[in-house]
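Peer 1: Taken in order, these protein sequences are the chains called A and B.
Counting in my numbering, the first sequence runs from 2 upward without gaps.
Counting in my numbering, the second sequence runs from 97 upward without gaps.
I have a structure here, written as structure tokens, and I will follow up with some questions on it.
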Amino acid sequence: MPNGPTQVGHRAEFEELLGTVAPVAYKVAVRLARNPDDAMDLLQDATVQAYKGFETFQRGSNFRAWFLRVLTNRFLKSKSRRVLETVPIDDAEDIYLYRKSQELGEEGNSPDPAGLLIDRLDVEAVQDALDRLPDEFRTVAVMYFMNDFSYEEIADILEIPIGTVRSRLHRARKLLQKALWEVGVSRGIVQEATSGV
Amino acid sequence: MGCEGMTCLEAFKKLDDYLDRELTADEAEAVRAHLEKCQHCAEVFEFDAAVVRCLKAKLSRIDLPPDLMAQLTSRLDTPA
Numbered sequence: 002m003p004n005g006p007t008q009v010g011h012r013a014e015f016e017e018l019l020g021t022v023a024p025v026a027y028k029v030a031v032r033l034a035r036n037p038d039d040a041m042d043l044l045q046d047a048t049v050q051a052y053k054g055f056e057t058f059q060r061g062s063n064f065r066a067w068f069l070r071v072l073t074n075r076f077l078k079s080k081s082r083r084v085l086e087t088v089p090i091d092d093a094e095d096i097y098l099y100r101k102s103q104e105l106g107e108e109g110n111s112p113d114p115a116g117l118l119i120d121r122l123d124v125e126a127v128q129d130a131l132d133r134l135p136d137e138f139r140t141v142a143v144m145y146f147m148n149d150f151s152y153e154e155i156a157d158i159l160e161i162p163i164g165t166v167r168s169r170l171h172r173a174r175k176l177l178q179k180a181l182w183e184v185g186v187s188r189g190i191v192q193e194a195t196s197g198v
Numbered sequence: 097m098g099c100e101g102m103t104c105l106e107a108f109k110k111l112d113d114y115l116d117r118e119l120t121a122d123e124a125e126a127v128r129a130h131l132e133k134c135q136h137c138a139e140v141f142e143f144d145a146a147v148v149r150c151l152k153a154k155l156s157r158i159d160l161p162p163d164l165m166a167q168l169t170s171r172l173d174t175p176a
């Protein structure tokens, strides 16, 4: 991308703003794309696209939300990304993991049944469960579980009403609990109570 | 469950927002009061809160490439 004299300041401004969001953007990219190599490709593509469209960024507004919007849209439009089998949306049951943990004698008597259950799942297993969420719920969940975004900022990034963030997140949590259990069962990390744990 | 004030169903619908501190002060107080009285809802809340804490801890733990910015800015200099 050639730099004319007037573009030098433009480029410097972009890089300065990019530096403030690159770490969190990389982390979001890893959770969306699943692995560091694909995440870097996604983030580099988003960086180029954002730079090309930098004129449309309203100075003084939230660059982080603007950049992550570019990144997320880029991810969702990616034709090469892997489409995985997802948890049926209507299959989301309230307090799924709680009920399952209560069915397990050991965890049910533990002072921290949730911790015991989740501790048995490594990060890859949790990522697998996250990947089973349909996109509209997965993108919200990725932002939420990065522990860095308010509902308001997620709404800003995804350009959806805050009420939609709230409802999608509620559903995403339920779907994720079911997906976590399924991943745990499929990996032999946890067993259904009826099978003799 | 027959707790005074907020019902279990009403509290249950607000547990996520309570956990994320997205309720108004009055709403949060109503949920807190319910959780103090209702052991079942308190157990469910503690369980879900622990799940969220554990998942956040696992999913946010990502090592950054040391040359992250260099890898990004170098792409800006690469012809499309």
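Beta carbons: idealized from backbone N, C-alpha and C, even for Gly.
Small disclaimer: the values here were computed from a predicted structure and weren't measured.
So, using beta-carbon positions, are R172(A) and F138(A) closer together than 8 Å?
Peer 2: Here residue 172(A) refers to the residue found at position 171 when the first sequence is read from its first residue. Here residue 138(A) refers to the residue found at position 137 when the first sequence is read from its first residue. Their beta carbons are under 8 Å apart, which means R172(A) touches F138(A) by this criterion.
Peer 1: List the whole-angstrom C-beta distance separating A126(B) from G101(B), where the pair is believed to meet the contact cut-off of C-beta under 8 Å.
Peer 2: To locate residue 126(B), count along the second sequence from 1; it is residue 30. To locate residue 101(B), count along the second sequence from 1; it is residue 5. Right, their Cβ atoms sit about 6 Å apart.
Peer 1: With 7 Å as the C-beta to C-beta threshold (strictly closer), list the residues of the stretch 135–148 of chain A near chain B in chain order.
Peer 2: F146, M147, N148
Peer 1: Would you kindly check if the distance between the Cβ of L177(A) and the Cβ of L134(A) is under 8 Å?
Peer 2: On the first sequence, residue 134(A) is found 133 positions in, with the first residue counted as 1. On the first sequence, residue 177(A) is found 176 positions in, with the first residue counted as 1. Closer than 8 Å, so yes.
Peer 1: For my contact list, I119(A) and L151(B) are in at a C-beta cut-off of 8 Å; report their separation, rounded to the angstrom.
Peer 2: Stepping through the first sequence from its first residue, residue 119(A) is reached at position 118. Stepping through the second sequence from its first residue, residue 151(B) is reached at position 55. Right, the Cβ-Cβ distance comes to about 7 Å (below 8 Å), so this counts as a contact.
Peer 1: Output yes if chain B places a C-beta closer than 8 Å to the C-beta of E16(A); else output no.
Peer 2: What you label residue 16(A) is simply residue 15 of the first sequence in a count that begins at 1. Judged by the 8 Å Cβ criterion, E16(A) is in contact with chain B.
Peer 1: Residue range of the alpha helix (DSSP H) that Q45(A) falls in?
Peer 2: The count along the first sequence starts at 1 and reaches residue 45(A) at position 44. Per DSSP, Q45(A) belongs to the alpha helix (DSSP H) from 37–53.
Peer 1: Just verifying my parser: in three-state terms, what is the DSSP assignment at M165(B)?
Peer 2: For the purposes of this step, residue 165(B) is identified with residue 69 of the second sequence, where counting begins at 1. Looking at M165(B) - three-state DSSP - the assignment turns out to be helix.
Peer 1: Return the chain-ordered list of same chain residues with a C-beta closer than 8 Å to the C-beta of R75(A), the five sequence neighbours on each side being excluded.
Peer 2: Position 74 of the first sequence, counted from the first residue, corresponds to residue 75(A). Excluding the 5 residues flanking it on each side, R75(A) has same chain C-beta neighbours closer than 8 Å at L43, D46, A47, Q50, in chain order.
Peer 1: Tell me which residue opens and which closes the alpha helix (DSSP H) that V147(B) is part of.
Peer 2: Counting from one through the second sequence, the residue named residue 147(B) turns up at place 51. It spans 135–155 - the alpha helix (DSSP H) in which V147(B) sits, taken as one unbroken run.
Peer 1: Taking C-alpha atoms, which residue in A23(A), E104(A), L33(A) lies nearest to P161(B)?
Peer 2: For this step, residue 161(B) is matched to residue 65 along the second sequence. For the residues A23(A), E104(A), L33(A), the minimum Cα distance to P161(B) belongs to A23(A).
Peer 1: In chain B, which residues lie with their C-beta within 8 Å of the C-beta of D113(A)?
Peer 2: As a first step, residue 113(A) is located in the first sequence; it is residue number 112 there, counting from the start. Per Cβ cutoff of 8 Å: A146.
Peer 1: Rounded C-beta distance between V147(B) and A115(A)? I'm assuming under 8 Å.
Peer 2: Stepping through the second sequence from its first residue, residue 147(B) is reached at position 51. Stepping through the first sequence from its first residue, residue 115(A) is reached at position 114. Confirmed, about 5 Å.
Peer 1: With 8 Å as the threshold, decide whether the Cβ of F75(A) is near any Cβ in chain B.
Peer 2: Locating residue 75(A) in the first sequence gives position 74, counting from the first residue. For the sequence presented, residue 75(A) should be read as Arg rather than Phe. Not an interface residue.
Peer 1: Taking 8 Å as the CB-CB limit, is M165(B) close to chain A?
Peer 2: Taking the first residue of the second sequence as position 1, residue 165(B) is located at position 69. Yes, contact with chain A.
Peer 1: P162(A) by DSSP, collapsed to three states: which one?
Peer 2: As a first step, residue 162(A) is located in the first sequence; it is residue number 161 there, counting from the start. Looking at P162(A) - three-state DSSP - the assignment turns out to be coil, as it is neither helix nor strand.
Peer 1: Whole angstroms is fine: what's the gap from V31(A)'s alpha carbon to E154(A)'s?
Peer 2: Position 30 of the first sequence, counted from the first residue, corresponds to residue 31(A). Position 153 of the first sequence, counted from the first residue, corresponds to residue 154(A). V31(A) and E154(A): Cα-Cα distance of roughly 19 Å.
Peer 1: Give me the residue from A107(B), L168(B), I158(B) with the minimum Cα distance to C134(B).
Peer 2: Start at 1 with the first residue of the second sequence, and residue 134(B) comes out as number 38. When each option's Cα is compared against that of C134(B), the closest is A107(B).
Peer 1: At the level of alpha carbons, what is the spacing between F143(B) and D116(B)?
Peer 2: Taking the first residue of the second sequence as position 1, residue 143(B) is located at position 47. Taking the first residue of the second sequence as position 1, residue 116(B) is located at position 20. F143(B) and D116(B) have their alpha carbons spaced roughly 14 Å apart.
Peer 1: Who are the Cβ neighbours of Y145(A) in its own chain at under 8 Å, not counting the five residues just before and after it?
Peer 2: In the first sequence, the residue the question calls residue 145(A) occupies position 144. Closer than 8 Å at Cβ, skipping near neighbours: I155, L170, A173.
Peer 1: CA-CA distance, V127(A) and C137(B)?
Peer 2: As a first step, residue 127(A) must be located in the first sequence, where it is residue number 126. As a first step, residue 137(B) must be located in the second sequence, where it is residue number 41. Cα-Cα distance, rounded: 26 Å.
Peer 1: Within the same chain, show all residues whose beta-carbon is closer than 8 Å to that of A142(A), passing over the 5 residues directly before and after it, in chain order.
Peer 2: Taking the first sequence and counting its residues from 1, one reaches residue 142(A) at position 141. The answer, listed in chain order, is L131, L134, L170, A173, R174, L177.
Peer 1: By how many angstroms is the C-alpha of G189(A) removed from the C-alpha of L159(A)?
Peer 2: The residue you call residue 159(A) lines up with position 158 of the first sequence. The residue you call residue 189(A) lines up with position 188 of the first sequence. Approximately 36 Å between the Cα atoms of the pair.
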